[in-house]
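The sequence shown begins at 1 in our numbering and counts up one residue at a time.
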Amino acid sequence: MQLRIRAKLIGILLIAAVLPLCLALIAIEVLGYRYYRRERGRLLQETASFLATTIDHSLSKEIDKLDDWVELSHLNGDVALASKAANLLSESDFQERIKQIEARWPGMDRNSPELAGVLTNRLAQELREFQSVNPLFAEIFLTDSRGQLIATTEKTSDYWQADESWWQRSSHVRSGRCYLEGVHYDESAKVYSVDVCIPIYPRADGMSQPVGVLKAVLNVSPVLTSVPGALTQDGPSREVITGTGDVMFELYSRIGRRVGRQVNAAALEDITGTGSGWSLNQLGSADLELVGHAMLNLGSPLVDAHVPNGVMPLFVIVHDDVATVMAPVRMQIIMLAVAGGSLILLFSWAGYYIATRKIIQPIETLRGAATSLAASAKLPELEDAAPATPVNASAQRMLAELERIDTGDEIEDLARDFNAMSRRVLTYHEQLEGEIAAKTASIQEDLQFAREFQEALMPRSYPQVACTHTAHPLRLNFHHVYKPTSSVGGDFFDVLKLSDTRAGIFIADVMGHGARSALVTAILRTLLQDFADQANDPAKFLALINRHFISITGQGNQFVFVSAFYLVLDTEKCVAT
């Protein structure tokens, strides 16, 4: 199907206007989407890093308070005295004493001498005074160098602590450093806590072994939920997760409620693989989310790096649904598409209107004139030809239409030149028709003569070839029907009588048609008659004719090709060669 100029113009306008808009929308969708997503991911990463740093700072500040109090108080002297008294017992006596107290410890109340001794002594009072000023420390107790409980704010689960891993690790912590363990979830209090363990060293120089260990249970839920900017539920979700993928709690919850769900393995690998960063992941649902993450470094510079940390790895994640995050970009693309589409329609309509008035209509007039001129230039088809006068009259009307084209540009110049050319063509048209008709008649006469000449070359009669062999009588009778596809064909055939029982059949096809083919046919007929006495051997006969044919036709510049077939039939021997 051919497109008209009007359809092409519409297509050009649409391509010129719509294609750039589509490319712009695609660029905004791809590049803008990626840029905005990357920037939002970095923003979530920075938010997660800020929250992690703030939480680390808040916890470090609480631990620093405890360490400063230990350094400024007189605990080291009292603990040293208690440890010195405990060391007076032999190992067997000490173990026996611990065994007895441990057996009675679960059933002891505050009136029991052993429990009352660690709850009401001067060290216990100092611990409670510190606790009253720093209520985030839910429980504080002291042990001597052999792990015995010497002071506590509350009854502990065990009296002897030396068999606990935190006590054993704390004994190897350097002076001025601490050991952390946790984070634990207290089901009864619905809070998370971290165990802060500080070894008590004597003030005397040269002492390398601690004389006791102080352990304080720090309630971290208020610290984690009091992060600035994390108390609102608007915006992205902010959560703390463990290294195993358990979501501990949501940062915007004032009570630090436990979430009780888990992050899937693929997302957890991205989160725990680096200290901080952002990624696209499905945390738990099928929705794709933009996730910023940062690692929590609980504690402070007081934490001893030489002792394995007992705090589980924790991470802050800030995440939001990708569809929600990218909604502004989607809205901008839609608005740009609507505005751009409206402008395209408006300008396309204006351009189409102007092009129709100034380009399409004049071109259609030119096309109509060309059509009429082409129709008038066609020669009549023999007896079916129509008179030339009505066609010329139609062309004259179209030329009058061309004179009325007034565009003031190249189209008007084209119309003027076309008008002058057309009038000149129409002037020569009738003269040309007469000349063509005369030449056509002459060519037809020549072709008719060539056809009659070619038919004259065809055999009029054929030789009769009978068989003398009575056992197998065989007679050859020849007939032909010759119907060339055009007025003059390129085919030729003849039958040669070689003897009373043998006949040669020659068939040739000359390349092409017309007078040249008739001439070549005459040459072949002459050669065939001249060498008829040598026609017994088909191979030698065809080679002989071919040599003489080449010697005749090879002197010209025209290429002539003839395909030939020659057959010898022997009725006596019943053999075809």
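Glycine included, every Cβ here is placed at the ideal spot set by N, Cα and C.
Using CA atoms only, rank isn't needed, just tell me which of the options is closest to residue i.
i	options	result
residue 282	138, 342, 265 and 201	265
residue 51	223, 558 and 304	223
residue 521	274, 562 and 499	562
residue 306	343, 212 and 180	180
residue 572	440, 178 and 475	475
residue 584	168, 143, 177 and 262	Any question about residue 584 goes unanswered here, given that the chain covers just 1 to 577.
residue 460	428, 426 and 496	496
residue 405	416, 354 and 396	416
residue 394	426, 504 and 544	426
residue 116	155, 556, 20 and 25	155
residue 324	165, 40 and 439	40
residue 485	451, 193, 12 and 329	451
residue 421	441, 369 and 464	369
residue 152	448, 123 and 25	123
residue 208	61, 215 and 200	200
residue 72	301, 527, 108 and 126	126
residue 528	339, 308 and 542	542
residue 539	557, 506 and 554	506
residue 303	197, 284 and 271	197
Taking residue i as part of the alpha helix (DSSP H), name the residues at either end of that continuous run.
i	result
residue 88	No alpha helix (DSSP H) contains residue 88, which DSSP labels as neither H nor E.
residue 170	165-170
residue 546	538-553
residue 56	33-72
residue 523	515-530
residue 116	113-120
What number of angstroms, rounded off, separates the C-alpha of residue i from the C-alpha of residue j?
i	j	result
residue 45	residue 57	18 angstroms
residue 171	residue 202	13 angstroms
residue 111	residue 157	17 angstroms
residue 533	residue 511	27 angstroms
residue 163	residue 147	8 angstroms
residue 129	residue 92	36 angstroms
residue 430	residue 547	51 angstroms
residue 268	residue 193	23 angstroms
residue 177	residue 131	20 angstroms
residue 351	residue 341	15 angstroms
residue 84	residue 182	31 angstroms
residue 81	residue 150	11 angstroms
residue 22	residue 433	57 angstroms
residue 11	residue 396	34 angstroms
residue 25	residue 137	58 angstroms
residue 141	residue 114	14 angstroms
residue 90	residue 97	10 angstroms
Quick one: does the C-beta of residue i sit closer than 7 angstroms to a heavy atom of the ligand FMN?
i	result
residue 195	Judged by which ligands are present, the structure shown has none, so any question about the ligand FMN falls away.
Specify, as a first and last residue, the run of the beta strand (DSSP E) that residue i falls within.
i	result
residue 267	Per DSSP, residue 267 belongs to no beta strand (DSSP E); it is in the alpha helix (DSSP H), 265-273.
residue 154	From DSSP, residue 154 is part of no beta strand (DSSP E); its letter is neither H nor E.
residue 338	Segment 327-355 is the alpha helix (DSSP H) holding residue 338; no beta strand (DSSP E) there.
residue 242	237-242
residue 505	502-510
residue 173	Note, residue 173: premise wrong, no beta strand (DSSP E); not H, not E.
residue 108	Where residue 108 is concerned, there is no enclosing beta strand (DSSP E), given that its DSSP letter is neither H nor E.
residue 281	276-281
residue 607	Nothing about residue 607 can be reported from this structure: the residues present for the chain run from 1 to 577 only.
residue 458	Where residue 458 is concerned, there is no enclosing beta strand (DSSP E), given that its DSSP letter is neither H nor E.
residue 496	491-497
residue 563	562-570
Taking all protein chains shown into account, do 16 or more other C-beta atoms lie within 10 angstroms of the C-beta of residue i, making it buried, or fewer, making it exposed?
i	result
residue 77	exposed
residue 248	buried
residue 398	buried
residue 575	exposed
residue 569	buried
residue 419	buried
residue 219	buried
residue 567	exposed
residue 327	exposed
residue 454	buried
residue 159	buried
residue 502	buried
residue 48	buried
residue 95	exposed
residue 389	Bear in mind that a pLDDT of 46 at residue 389, under 50, signals an unreliable position, so the number given afterwards is only what the model happens to contain. Classification for residue 389: exposed.
residue 445	exposed
**Report entry** Stretch-stretch touch, CB-based, cutoff 8 angstroms, three pairs: the segment 285-302 with the segment 42-57
**Finding:** yes
**Report entry** the segment 233-242 / the segment 309-328 touching (three or more Cβ pairs under 8 angstroms)
**Finding:** yes
Query raised in the report: If you pair each beta-carbon of the segment 28-37 with each one of the segment 85-103, do three or more pairs fall below 8 angstroms?
Result: no
Requested in this report: Evaluate contact between the segment 451-466 and the segment 490-508, counting only Cβ atoms and requiring at least three cross-stretch pairs below 8 angstroms.
Outcome: yes
Query - Inter-stretch contact (C-beta, 8 angstroms, three-pair minimum) for the segment 64-83 and the segment 326-334 - result: no
Query raised in the report: Should the segment 549-565 be called in touch with the segment 497-517, which here means at least 3 C-beta pairs below 8 angstroms?
Result: yes
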